[in-house]
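Data block below; observations after.
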């Protein structure tokens, strides 16, 4: 059975549509697809991406959607009012343009006019929102923006994000957003590692017992490292979204001209 994977979408619903078309041409409507997380932030249509994923699953498509770090940041902002995550070394707010929260809120009718104003503690603490301007001329505080977001974001979107699993297994394959902590059993992995890890995973070349398929770390092109495959080719930065097909552990990238093998190094 061929398994398909779609890496980080980051609010680019047009790229998602193209990836789904390529998968449909290769494997048909009933193809099993694993989405690797990061459906939101940076791109212009996070709402549209979630609409498509929710609709596809409601129609009975064989779609497995995993949690990404940006999805959790969005969920925590909307449900808990959190704009910071301890895993962000730069200590930026989720609403900073570099992380893309403002673009996500914009897709729900809360587009910022100009650049939001932030507070930056002198001791190098966390960046926090000071004011957020709307097209109506209103200037919202952080708490006011949270309240507006809770009204604007449909409950099915929040429920979808709340229910996302952290990994998915197929014979010989482990699908996860960011990676895993080497040497730690899967059921003992820390959630933060599964959706955020880079150090200790990207530089590890040991056999994880299966081929790990992940996104999270944007590269110039999908790359096979032998023990893992990173499919994130930077769709969140405006690059094409490249889906992949797996026949066992053999990986093929899907393009407009058909399959392209993605072999291991050497």
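Residue numbers (the UniProt record's numbering): 1 to 266.
We put the CB at the ideal spot given by N, CA and C, even for glycine.
Only a predicted model underlies this, so the values are computations on that prediction, with no experimental measurement involved.
Original post:
Residues bridged to residue 131 by DSSP?
Top reply: 117
Original post:
Since residue 2 sits in a beta bridge, which residues does DSSP pair it with?
Top reply: 247
Original post:
Can you tell me whether DSSP reads residue 181 as helix, strand or coil?
Top reply: coil
Original post:
So is residue 107 buried or exposed if we call it buried at 16+ other beta carbons inside 10 Å?
Top reply: buried
Original post:
In chain order, what residues of the same chain lie with their CB nearer than 6 Å to the CB of residue 85, ignoring the 5 residues before and after it?
Top reply: 73
Original post:
Is residue 196 helix, strand or coil by DSSP?
Top reply: helix
**OP:** Kindly indicate which residue of 89, 63, 24 and 97 has the alpha-carbon position closest to the one of residue 114.
**Re:** 97
Subject >> Bridge-paired residues (DSSP) for residue 258 >> reply: 255
Original post:
Who are residue 228's beta bridge partners in DSSP?
Top reply: 212
Original post:
Is the Cβ-Cβ distance between residue 5 and residue 213 less than 8 Å?
Top reply: yes
Original post:
Cα-Cα, which of 234, 262, 246 and 241 is closest to residue 225?
Top reply: 262
Original post:
In the structure shown, what three-state DSSP assignment does residue 86 receive?
Top reply: coil
Original post:
Is the stretch 22–31 close to the stretch 241–256, with three or more CB pairs under 8 Å?
Top reply: yes
Original post:
In the DSSP assignment, what are the bridge partners of residue 143?
Top reply: Beta-bridge pairing links residue 143 to no other residue.
Original post:
Going along the chain, which residues of its own chain have a beta-carbon closer than 6 Å to the beta-carbon of residue 145, five neighbours each way excluded?
Top reply: 132
Original post:
Just checking, does the stretch 64–79 make contact with the stretch 156–164 on the three C-beta pairs under 8 Å criterion?
Top reply: yes
Original post:
Opposite residue 33 in the DSSP bridges: which residues?
Top reply: 4 and 63
Subject >> Buried or exposed (CB count within 10 angstroms, at least 16 for buried), residue 90 >> reply: exposed
Original post:
Per DSSP, residue 223 forms a beta bridge with which residues?
Top reply: 230
Original post:
Shortest alpha-carbon distance to residue 100 belongs to which of 237, 244, 265 and 200?
Top reply: 237
**OP:** Measure how close the beta-carbons of residue 199 and residue 181 come, nearest whole angstrom, since I'm counting them as under 8 Å.
**Re:** Going by Cβ atoms, the distance from residue 199 to residue 181 rounds to 10 Å, so no, they are not a contact pair.
**OP:** May I ask which residues mark the beginning and end of the alpha helix (DSSP H) holding residue 160?
**Re:** 155–162
Subject >> Environment of residue 7 [buried if 16+ CB atoms lie within 10 Å] >> reply: buried
Original post:
Does at least one heavy atom of the ligand PLP sit under 7 Å from the Cβ of residue 72?
Top reply: In terms of ligand content, the structure shown is empty, and the ligand PLP therefore cannot be addressed.
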